[in-house]
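*Asks:* Protein chains in written order, with UniProt numbering: chain A, 1 to 363; chain B, 1 to 90.
Laid out in structure tokens, this is it:
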């Protein structure tokens with residue numbers, strides 16, 4: 001049984017012991033909190049307790065049910081707290097429990113006093129001897145309100161934003177609240193994820209190879225194709241795709257580290273690069289671009305024909321991948337030749353023609 | 001207390017230090033029927049001169065602690081609100 005009470009008179013320990021007694025219990029534990037006679041060198045005369053009565057009873061009952069769920073073997077629980085003025089050496093709080101075995105009684109009482117100091121709305125004021133002012137005490141365990149980060153008061157910090165109404169046309173401006181914005185962002189991310197997923201399925205899962213010509217624009221390094229083999233239920237054949245001109249083919253990229261080391265090494269002991277050295281410098285840079293573009297220059301080609309080849313390559317790439325062309329900030333209209341002037345040929349009626357011929361004949 | 005939206009009248013109880021600062025054990029105030037706990041606390045602190053202990057206060061609404069100051073509280077007419085300074089029972 002739970003005995004929860006706020007009392008105005010001195011607490012009778014023997015009465016509490018009677019409340020605990022039970023034939024089936026081998027242990028009862030009693031904690032008695034008494035008032036001390038000193039605090040930081042000041043002599044305490046008495047303590048005045050006050051409570052938020054209804055809520056205190058409610059919280060004490062909550063502690064009882066917590067104890068019972070933690071230690072189901074508990075038989076009786078007593079929580080009595082004294083209110084009003086309590087002289088020194090008298091009990092202000094008594095917590096007691098009985099159980100068949102001692103560990104439950106001991107542990108639960110210790111837990112309960114901690115909880116009481118944390119949650120039960122009771123306050124004490126120490127009244128000191130002499131001229132010292134009475135002081136409200138604070139339990140270090142006392143419950144405190146959580147300061148959430150989101151409770152930051154943004155309106156207290158006004159933020160000046162210079163608003164320009166000239167927004168570049170390719171930007172989209174959306175004015176919505178945070179919830180709507182995060183919803184839109186989430187939708188956008190989800191859509192992109194779906195796009196990537198479906199692209200991956202297309203890249204990596206071809207239908208049987210003989211029915212579809214090889215996809216040259218796939219980014220997939222490997223493609224698996226399921227081909228049914230003779231005398232076998234199913235067999236997975238992995239086909240390797242060699243994307244020569246795609247940047248993920250690392251081994252086809254120029255070895256920057258090697259090139260750099262070469263440059264650094266050849267600069268040692270020579271402050272002024274010689275003409276030959278300069279030649280090899282642009283040569284190697286040109287070579288880097290060529291190998292990146294997948295071109296192999298012939299040894300007899302001079303520099304201009306090599307640049308011409310590169311230009312041709314860029315033109316080719318632009319024509320097959322026009323979607324990248326807009327990254328170069330060139331107005332397409334300025335590149336197009338001006339539209340030819342429209343001249344309309346004059347048409348003549350039969351009568352006019354006849355007049356014309358007559359005129360020529362007469363001349 | 002001024003605020004937009006519907007307003008309800010609630011009982012406010014003060015204890016210990018907060019009772020001494022407010023110079024009353026209880027009062028009746030009008031509060032918005034819906035308010036964030038930290039805003040409510042700010043309003044109470046201003047109205048009842050509790051600034052000196054405002055960082056250590058916790059509110060209880062109908063005898064339950066409002067543990068998180070960012071919680072939104074819904075009030076009904078006649079609800080009980082308690083201003084609770086740090087506990088010292090035991």
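Where a beta carbon is used, it is the ideal one built from N, C-alpha and C, also for glycine.
1) Taking the alpha-carbon positions, what's the residue 39(A) to residue 125(A) distance?
2) How about residue 60(B) and residue 55(A): are their beta carbons less than 8 angstroms apart?
3) If you count every other CB in all the chains shown that lies within 10 Å of the CB of residue 442(A), and 16 or more means buried, which is it?
4) Would you mind working out which of 62(A), 170(A), 116(A), 23(A) sits nearest residue 100(A), comparing C-alpha positions?
5) Can you find a C-beta in chain B that's less than 8 angstroms from the C-beta of residue 256(A)?
6) At what residue ranges does the region 93 to 126 of chain A contain a whole run of the alpha helix (DSSP H), taking only runs of 4 or more?
7) Run through the region 39 to 101 of chain A for me and flag every whole beta strand (DSSP E) of 3 or more residues, listed as ranges in chain order.
8) How many Å lie between residue 106(A) and residue 65(A) at the Cα?
9) Any idea what DSSP makes of residue 194(A), helix, strand or coil?
10) Identify which residue in 258(A), 129(A), 295(A), 287(A) has its Cα closest to the Cα of residue 41(A).
11) If distances are taken between C-alpha atoms only, which option among 170(A), 84(A), 63(A) comes closest to residue 117(A)?
12) Across the region 65 to 84 of chain A and the region 131 to 146 of chain A, are there enough close Cβ pairs to call them in contact, namely three or more that are closer than 8 angstroms?
13) Residue 72(B) to residue 27(A), Cα distance in whole Å?
14) Touching or not, the region 68 to 87 of chain B and the region 7 to 18 of chain B, by the rule of three or more beta carbon pairs under 8 angstroms?
15) What residue range is occupied by the uninterrupted alpha helix (DSSP H) comprising residue 308(A)?
16) Using a C-beta cutoff of 8 angstroms, does residue 17(B) count as contacting chain E?
17) By how many angstroms is the C-alpha of residue 70(B) removed from the C-alpha of residue 127(A)?
18) Output yes if chain B places a C-beta closer than 8 angstroms to the C-beta of residue 124(A); else output no.
19) Tell me whether residue 31(A) sits in a helix, a strand or coil according to DSSP, three-state version.
20) Classify residue 17(A) as helix, strand or coil using the three-state DSSP reduction.
21) What three-state label does DSSP hand residue 132(A) in the structure shown?
22) Quick one: measure Cβ to Cβ for residue 104(A) and residue 83(A), integer angstroms, because I've assumed they're closer than 8 angstroms.
23) Just to confirm, is the Cβ distance from residue 11(A) to residue 30(A) under 8 angstroms?
24) Are residue 96(A) and residue 33(A) close, meaning C-beta to C-beta below 8 angstroms?
25) So is residue 73(B) in contact with chain A if we call contact Cβ pairs under 8 angstroms?
26) By the 10 Å Cβ neighbour count, where 16 or more other Cβ atoms means buried, how is residue 115(A) classified, buried or exposed?
27) Using a Cβ cut-off of 8 angstroms (strictly closer), state whether residue 177(A) contacts chain B.
28) Starting from the beta carbon of residue 320(A), find every residue of chain B whose beta carbon is closer than 7 angstroms, and list them in chain order.
29) Would you say residue 50(B) reaches chain A, if we count a Cβ-Cβ gap shorter than 8 angstroms as a contact?
30) Is residue 58(B) close to chain A? Criterion is C-beta to C-beta, closer than 8 angstroms.
31) Alpha carbon to alpha carbon, how far is residue 112(A) from residue 120(A)? Give it in angstroms, no decimals.
32) From the beta carbon of residue 145(A), is the nearest beta carbon of chain B less than 8 angstroms away?
33) Answer yes or no: does any C-beta atom of chain A fall closer than 8 angstroms to that of residue 77(B)?
34) Does residue 32(B) come within less than 8 angstroms of chain A when only Cβ atoms are used?
*Replies:* Taking the structure as given:
1) Taking the first residue of the first chain as position 1, residue 39(A) is located at position 39. Taking the first residue of the first chain as position 1, residue 125(A) is located at position 125. Computed Cα separation, rounded: 12 angstroms.
2) Translated into positions along the second chain, residue 60(B) becomes position 60. Translated into positions along the first chain, residue 55(A) becomes position 55. Closer than 8 angstroms, so yes.
3) Here chain A covers residues 1 to 363 and nothing more, so residue 442(A) does not appear.
4) What you label residue 100(A) is simply residue 100 of the first chain in a count that begins at 1. Residue 23(A) is the option with its Cα nearest to residue 100(A).
5) Here residue 256(A) refers to the residue found at position 256 when the first chain is read from its first residue. False, the Cβ-Cβ gap to chain B never drops below 8 angstroms.
6) 102 to 119
7) 42 to 51, 76 to 82, 84 to 87, 91 to 99
8) To locate residue 106(A), count along the first chain from 1; it is residue 106. To locate residue 65(A), count along the first chain from 1; it is residue 65. Going by the C-alpha atoms only, they are around 17 angstroms apart.
9) For this step, residue 194(A) is matched to residue 194 along the first chain. It is helical.
10) In the first chain, counting from the first residue as 1, residue 41(A) sits at position 41. Comparing Cα positions, the closest option is 129(A).
11) As a first step, residue 117(A) must be located in the first chain, where it is residue number 117. It is 63(A).
12) no
13) Taking the second chain and counting its residues from 1, one reaches residue 72(B) at position 72. Taking the first chain and counting its residues from 1, one reaches residue 27(A) at position 27. Answer to the nearest angstrom: the Cα atoms are 46 angstroms apart.
14) yes
15) Position 308 of the first chain holds residue 308(A). Its alpha helix (DSSP H) spans residues 303 to 320.
16) As a matter of chain content, chain E is missing from the structure shown, whose protein chains are A and B.
17) Start at 1 with the first residue of the first chain, and residue 127(A) comes out as number 127. Start at 1 with the first residue of the second chain, and residue 70(B) comes out as number 70. Cα-Cα distance, rounded: 37 angstroms.
18) For the purposes of this step, residue 124(A) is taken as residue 124 along the first chain, with counting starting at 1. Closer than 8 angstroms: yes.
19) Residue numbering aside, residue 31(A) sits at position 31 when the first chain is read from its first letter. Here residue 31(A) sits in strand by DSSP.
20) Position 17 of the first chain holds residue 17(A). Helix.
21) Position 132 of the first chain holds residue 132(A). Looking at residue 132(A) - three-state DSSP - the assignment turns out to be coil, as it is neither helix nor strand.
22) The residue given as residue 104(A) occupies position 104 in the first chain. The residue given as residue 83(A) occupies position 83 in the first chain. The Cβ separation is near 29 angstroms, so there is no contact.
23) Within the first chain, residue 11(A) is the residue found at index 11, counting from 1. Within the first chain, residue 30(A) is the residue found at index 30, counting from 1. Cβ atoms of residue 11(A) and residue 30(A): not closer than 8 angstroms.
24) Here residue 96(A) refers to the residue found at position 96 when the first chain is read from its first residue. Here residue 33(A) refers to the residue found at position 33 when the first chain is read from its first residue. No, the Cβ-Cβ distance between residue 96(A) and residue 33(A) is not below 8 angstroms.
25) Here residue 73(B) corresponds to residue number 73 of the second chain, with the count starting at 1. With 8 angstroms as the cut-off, residue 73(B) does not count as an interface residue toward chain A.
26) Your numbering for residue 115(A) matches position 115 in the first chain. Residue 115(A) is buried by the Cβ-count criterion.
27) Counted from its first residue, the first chain places residue 177(A) at position 177. No, residue 177(A) lies away from the interface with chain B (no Cβ there is under 8 angstroms from its Cβ).
28) Against the first chain, residue 320(A) aligns to sequence position 320. By Cβ distance, chain B contributes nothing, its closest Cβ being about 56 angstroms from residue 320(A), past 7 angstroms.
29) Here the question's residue 50(B) lines up with position 50 in the second chain. Not one chain A Cβ lies under 8 angstroms of residue 50(B).
30) Counting from 1 along the second chain, the entry for residue 58(B) is found at position 58. True, the Cβ-Cβ gap to chain A drops below 8 angstroms.
31) Translated into positions along the first chain, residue 120(A) becomes position 120. Translated into positions along the first chain, residue 112(A) becomes position 112. Roughly 11 angstroms between the two C-alpha positions.
32) As a working note, residue 145(A) is residue 145 in the first chain. Yes, its Cβ sits closer than 8 angstroms to a Cβ of chain B.
33) Translated into positions along the second chain, residue 77(B) becomes position 77. Answer no: the Cβ-Cβ gap between residue 77(B) and chain A never drops below 8 angstroms.
34) Taking the first residue of the second chain as position 1, residue 32(B) is located at position 32. It does not; no Cβ of chain A falls within 8 angstroms.
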